[in-house]
Amino acid sequence: MDISSVAQALILAGGQATRMRPYTDDAPKAMVPVAGAPIIGYQLLWLAKHGVKTVVISGGYKAEMISDYVGNGSRFGISAVYAIEDEPLGRGGGLKYAAQQLPDLDASFFVLNGDVISSFSLADLAEYHERHDAAVTVALSPYRSNWGVADIDDQDHIKGFVQSPELPYWINAGIYAFNPDVIELLPDKGDHEDSTFPRLAQDGRLMGYRLSGYWRGIDTVKDVVEASKEVRSAGSTLAPEFCTTDIDT
């Protein structure tokens, strides 16, 4: 595994996610179990595998559940720091607030939404980010349809169906590489994708990295079930010490 040149990261783990009930009735989204282990467990081990040393966890709703699970981060191979919001600041505001806890405010850092699992190379993302001199590089994943798509000929005869095909579009994977000078451009409250990102795009400083490898966004109960099946099928379940439920749930 290649070691990334980026040694610090931030996870936006404050969301409740009403669409994932009942999982999130009593737990934050980042603690929803996938094949037995919380989403954030997969994220921390993935970051550590690529050489990330410090992870700032931005929390809000039920943040104590995350700190109870992660602790100081040593069992994951990282140092965990917590930035807990007194009131909801939105993703951009939460990111700006939590970024102040990064150990090196002059160095680049990764940002992860608290609802994604992936296995692509963060070293490649960091190299791409540096090579293109971007302010922010957004990891992009192919868009996969949620429905079966009909294959029809010129006379409208249906030749067959393709289930959940990849379409020729790229979606935001919720994983980023940030330059430190972007922190001051983030909103105190609100979403950076509505304010900061359009400004960077206009200036030509927002890049997209087309990832190659496994990625799964987890937004609904169906996503939890499918992600669990995918992780088990790939033999990527976490060791029992990182699990909070049975791996078959």
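Numbering (the UniProt record's numbering), first residue to last: 1 to 249. Every residue, glycine too, gets a C-beta built ideally from N, C-alpha and C.
A check of alpha carbon separations from G51 across F109, D223, S67, K62 identifies F109 as the nearest.
By alpha-carbon distance to F242, the top candidate from G36, Y97, E193 is G36. Under DSSP, N179 shares a beta bridge with no residue.
Straight through space, the alpha carbons of D156 and H132 are spaced by roughly 45 Å. With fewer than 16 other Cβ atoms inside 10 Å of its own Cβ, A239 counts as exposed. A residue is called buried once 16 or more other Cβ atoms fall within 10 Å of its Cβ, and V225, having fewer, is exposed. Nearest neighbour of A173 by Cα position, chosen from K189, V138, D194, turns out to be V138. Here the region 41-59 lies against the region 98-105, with 3 or more beta-carbon pairs under 8 Å apart. Note on I11: 16 or more other CB atoms within 10 angstroms of its CB, so buried under the neighbour-count rule. When rounded, the separation of the alpha-carbon atoms in M207 and L45 is 26 Å. Where L47 is concerned, there is no enclosing beta strand (DSSP E), although the alpha helix (DSSP H) around it starts and stops at 39-49. A107 and V182 have their C-alpha atoms roughly 11 Å apart. Listed as beta-bridge partners of T137 by DSSP are A177, M207.
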